[in-house]
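Under my numbering, think of the first position of the sequence shown as -14, with each following residue one higher.
What follows is a single structure, written as structure tokens, with notes after it.
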Amino acid sequence: EIAERFKSRAVTDLVRKLDEIEKRLAKNFSITFHGLSKRMNESRFILMK
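If you want it as structure tokens, here you go:
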């Protein structure tokens, strides 16, 4: 149970970091990763449940 909680927290942190990186890249290079964003949103939705 603790391992699961730790894992989901790590995943949430990773998603947040990727979001930050994506925003920065989008701002700097006008790049957005639609596929990555969609996948991240799906995993975030799964985590929310």
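Even glycine gets a Cβ: it sits at the ideal position worked out from N, Cα and C.
Closest Cα partner of residue i within the set the options
i, options, result
"L32", "K(-8), A11, E(-14)", "K(-8)"
"E27", "A(-12), V(-4), E(-14), I(-13)", "V(-4)"
Residue i vs residue j beta-carbon contact at 7 Å
i, j, result
"V0", "R24", "no"
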